[in-house]
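In this text, residue positions in the sequence shown follow my numbering: the first is 965, and each later residue adds one. What follows is a short report on a single structure.
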Amino acid sequence: MELESNLTNAYLDAYKKACARLLACEPETVCQNSKAVYEIETETYTVPYFGRRYRICCANREVAFQEEPPVSAGGSGELPTTEKVLILHYLIHSGPKPLTGRNISFKEIPGGGAIYYPTFKKRAIDPLVRTFSEDFAGFAEAARALGGSAEKLGDAAMTIHAFPYIPITYVIWKGDEEVPSSGTILFDSSVSGFLPVEDIVVAASFGVYKMMDYKKKKARPDMG
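What follows is the structure in structure tokens.
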């Protein structure tokens, strides 16, 4: 319980700091670098995040999130603080760097990819393989529900945009009696120009969790 409380407090602190940093940013620069849209009249950014659009209102020196469409029209409700922080970090950290179209593995990401790989594998790759290595059709359906598209990699692969400039490619190889199923997650080589490596772990993980949630709700319609 104490660890959970500490993590909650840490994310709340990170959220407050990220809000302050966004309020200090020049909206034109943020939009140029992140592909967000800013409405001057309402002081609001709009940015796509895993197939949904979110509005981040900065009026009165406060930051407020709203999903589009609203919950009553099929939205998923209030975002967890961890995801709010991720969205804010994308807006804050995005730099003037174009996508290269060249995929790299997590270990190749500058600034700690190799160091963070065990955590990345545990939080993103392992649940991806565990959930979908025997259900490629479900994998494709869940990814498409997040705006994903198929790729010709591995035995099954889907690319989902966490954000406009952060495509994430999830790849699975089906195992057999001798070789266990495996997977990998690929990123555009420009990814470190848009998020710190710790947030890249979070983004890729949330992509997997959202696909897993879709599969659970599909199996049990009463859940959502």
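Glycine included, C-beta positions come from ideal geometry on N, C-alpha and C. No experiment lies behind these values; they were computed from the predicted model shown.
7 Å Cβ shell around residue i - same chain, five flanking residues per side excluded
i	result
PRO1091	VAL1172, MET1176
SER1069	THR1148, LEU1150
ARG1025	LEU987
Which of helix, strand or coil DSSP assigns to residue i
i	result
GLY1038	Annotation note: pLDDT 39 at GLY1038 (below 50); position unreliable, coordinate value reported separately. In this structure, GLY1038 counts as coil in the three-state DSSP scheme.
TYR1013	strand
PHE1158	coil
TYR1002	strand
ARG1025	helix
SER1169	helix
VAL1268	For the chain, the structure presents residues 965 to 1188; residue 1268 sits outside this window and is missing.
ASP1119	coil
Cα-Cα separation between residue i and residue j, rounded to whole angstroms
i	j	result
VAL1155	ASN1067	10 Å
THR1064	MET1122	18 Å
LYS981	ASN973	12 Å
TYR975	GLY1076	21 Å
LYS1086	ILE1079	13 Å
PRO1074	VAL1165	13 Å
GLN996	PRO1060	7 Å
ARG1119	HIS1057	Per the sequence shown, the amino acid found at residue 1119 is Asp instead of Arg. Between ASP1119 and HIS1057, the C-alpha separation is close to 34 Å.
THR1095	TYR1134	13 Å
TYR1081	LYS1071	6 Å
ALA1088	LYS1116	20 Å
ASP977	ARG985	12 Å
PHE1084	VAL1143	22 Å
SER1043	VAL1161	Note on identity: in this sequence residue 1043 is Leu, with Ser being the wrong assignment. Approximately 22 Å, taken between the alpha carbons.
Same chain, Cβ closer than 8 Å to residue i, five either side skipped, listed in chain order
i	result
PHE1014	LEU1110, GLY1111, ILE1124, HIS1125, ALA1126, PHE1170, GLY1171, LYS1174
TYR979	THR1045, LYS1048, VAL1049, LEU1052
SER998	VAL1011, TYR1054, LEU1055, SER1058, PHE1127, PRO1128, TYR1129, PHE1158
ARG1184	none
9 Å Cβ cutoff met for residue i and residue j
i	j	result
LEU987	VAL1049	no
ASP1163	TYR1129	no
ALA1000	VAL1011	yes
ILE1136	PHE1100	yes
ALA1167	ILE1132	yes
Contact set for residue i: own chain, Cβ-Cβ below 6 Å, skip 5 residues either direction
i	result
LYS1179	GLY1102, ALA1106
PRO991	TYR1002
SER1145	VAL1093, SER1097, LYS1138, GLY1139
SER1113	THR1123
From the options, residue whose alpha carbon lies closest to that of residue i
i	options	result
LEU1055	ALA1078, TYR1018, ILE1079	TYR1018
GLU1032	TYR1009, ARG1025, THR1045	TYR1009
THR916	GLN1030, ARG1184, THR1133	The structure shown has nothing for residue 916, since the chain only spans 965 to 1188.
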